[in-house]
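Working notes, beginning with the structure itself.
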Amino acid sequence: MLKSRISPSNAKILNKTQSTQKTSYFQSAKRLIKATTFQSLKQTIIPELIGSNKPQHAEQELVSLTSPEQEALRCRYSQRNRRLPPDFAEKVLELEIHLEKNQSEIKMEVVQQLLYLYSQAVEYYNGLNNEKYQLYAERIQNTVVRPEVLKVMTQSKKSVPIGQSRSKSTNNRGYNPQKTQQLIKEEHEKRQKERKQLLVENMKEINGEGIGQKLQDQEQLKQSAAEEVKKSLENQSENLRKRLAERKQLQISKRSINTSIQDQTLDELWINSRPGSTKNGGNGMFQIKFDDDINNISMIKGCSTKDSSQYFYNNQNYLEDIQDNSPISDKSQQQEYEESMHQIWSNCEHMIETLSVAKSSQMEQLIEEVTQQKYEKLAEIKATYDFMIKKLDQSKQKDKADEKRKEKDQEMQLCSKEFEQLKKQKLDDLEREYDEKKRAVMDQKIQRETRKLVQSNISRATSRANSRGSSNNSRFSRNKQAQRKNKQISQQNCNQNNLSIFTLSNQQFQQQVEEIQNRVQQHSQISQIQQEQQVQL
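Note that UniProt numbering numbers the sequence shown so that position 32 is 32, with each residue one more than the last.
As structure tokens, this is what we get:
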């Protein structure tokens, strides 16, 4: 009977409705957008949630599809004027908070406003081909399924008069409130189970498993970083040891060369000063046997006074030349000064090596501390951003997740740069402290060593002066003995004229001896003055 009354266009619409009886939640959300009042919302979504398989009447479907309010909505939310109302998010939050707080006393106006805002969001994001419309569609379903909202809906349904067409249509469909309540309870229980499972998983992540894994990862990173730091420090220490060994070898080679040169010079000086040597062996004996040679030559040449006197004066000049060419005490003082400076430098080098070892250990500790702090900070940054990125990936917000990844990389780069600058600053401060300590130690050590060496040089100079005076006295005594012997021989072999010549020669020789003694005294005085000047410096 109905098919005969319905026009062919209405019949097509009936066929379409029969084919789309088992619609998804997403299609029901789309159909909810077409609803303008709560009455139309009850007629479009609630029957699908209840699961009734009975088709709608064609007239009702036409009415629901061709109402003037829906046409106004279509015109209002056309593609040109798709915009969310101002303060959309604030309104949604206020309404949701109101529902959560006042569960016992919910108003239909609040529910209608909230569902209206959700429908606007679904329409807006669906037009933009954005995935957020699914979230708002799920919110619509969750609000409709809530028991508090269903109670309010049933109460509003009872308040509606029986003579209206909408109530008749629901009666004709065979609406069973018991079935609806059972389905609502089942869905509510499912939702609660899902929520409990999510809570349990989140609590596991917070309390044990997730944090434990993160801590293990952080510990592994710390261990790897510490191993890398140890390897780098070992390499640096090996390089330092090699360099120090090379420096020591170079210093030892230089010292050996200097000592060999000094030994050679000392040997030459000793050979030159020693009587009876190969090079200048005749010089010492010449001073001792000077009078004997003069006497022998005078005896050979006879009593000629002029020849003997001239020969004596020539020999005297030759002796003075030999004495002038003899090794001077200035060279020995120069050698002593070089030895003292070499000793001071060796002691200072030892102190510098100890300071460098202390400095290297401090640098190693500083680098290790800074690297440890750096890796801890990077691990914290990585953990925080990874947690946020994971949440965004779960909520399917790829753009925000990519932004957070970029922020993470930038933050890690900035953190590494800051720690590098801090490390450089601390190393520079340590270098300055080391330089200041080195200078202070060098000054103190040089002052101490110079005092010691000056005192030792003074004692050496005095001992040498005394030894030289004693050696000269011994030589003079030997010369006197030789003179006595020569006198005895000359008295036996020569005449009285020769005796007068010998007396003159003895007087001249005594004058020469006195001159030599005066020179020795002058030289000792000069050396003492030089030592006093060095002490003052």
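For every residue, glycine included, the Cβ atom is placed at its ideal position computed from N, Cα and C.
Check	Outcome
Secondary structure of residue 129, DSSP reduced to three states	coil
Residues near residue 248 by beta carbon distance below 8 Å, same chain, minus five either side	none
Spatially closest choice to residue 353 from 216, 253, 241, by CA coordinates	241
The region 398–406 / the region 371–380 touching (three or more Cβ pairs under 8 Å)	no
Sequence-distant residues of the same chain with beta carbon closer than 8 Å to residue 542, five excluded per side	Coverage of the chain is limited to positions 1 through 537, which leaves residue 542 absent and any answer about it impossible.
Beta-carbon proximity list for residue 429, same chain, < 6 Å, skipping 5 on both sides	none
Contiguous alpha helix (DSSP H) assignments of at least 4 residues, all confined to the region 370–447	none
Opening and closing residue of the alpha helix (DSSP H) in which residue 84 lies	It is not in any alpha helix (DSSP H) - residue 84 carries neither H nor E in the DSSP assignment.
Expected contact under 8 Å - CB spacing of residue 126 and residue 133 to nearest Å	4 Å
Pairwise C-alpha distance: residue 225 and residue 255	44 Å
Candidates 144, 376, 397, 432, of which the one nearest residue 215 by Cα	376
For residue 112 and residue 394, the rounded distance between their alpha carbons	30 Å
C-alpha gap between residue 438 and residue 360, whole angstroms	14 Å
Simplified DSSP assignment, three categories, for residue 103	coil
Distance CB(residue 138)-CB(residue 106) smaller than 7 Å	no
Residue 93 versus residue 189 - alpha carbon distance	25 Å
Residue 146 - DSSP class collapsed to helix/strand/coil	coil
Residue 119, buried or exposed, once every other Cβ within 10 Å from all chains shown has been counted against 16	buried
Residue 363 beta carbon less than 7 Å from that of residue 441	no
Anticipated Cβ contact below 8 Å, residue 131 with residue 406, distance rounded	That pair is no contact at about 21 Å.
Nearest to residue 217 (by Cα), restricted to the options 356, 484, 386, 423	386
Status (buried if at least 16 other CB within 10 Å, exposed otherwise) for residue 122	buried
Selected residue, minimal CA-CA separation from residue 155, among 197, 108, 185	108
Residue environment, residue 548, which counts as buried when at least 16 other CB atoms sit within 10 Å	This structure cannot settle anything about residue 548, because the visible part of the chain is limited to 1 through 537.
Assigned exposure category for residue 291 - 16 Cβ within 10 Å defines buried	Low confidence applies here, because residue 291 scores a pLDDT of 47, under 50, leaving its location unreliable; read the following figure in that light. Residue 291 comes out buried.
Where residue 357 falls, given that 16 or more other Cβ within 10 Å makes a residue buried	exposed
Burial state of residue 200, where buried means 16 or more other Cβ atoms lie within 10 Å	exposed
Buried versus exposed call for residue 285 [16 or more other C-beta atoms within 10 Å across all chains shown]	With a pLDDT of only 43 at residue 285, under the threshold of 50, the placement of this residue in the model should not be trusted, and no figure is reported.
Nearest residue (CA-CA) to residue 144, options 185, 124, 128, 129	185
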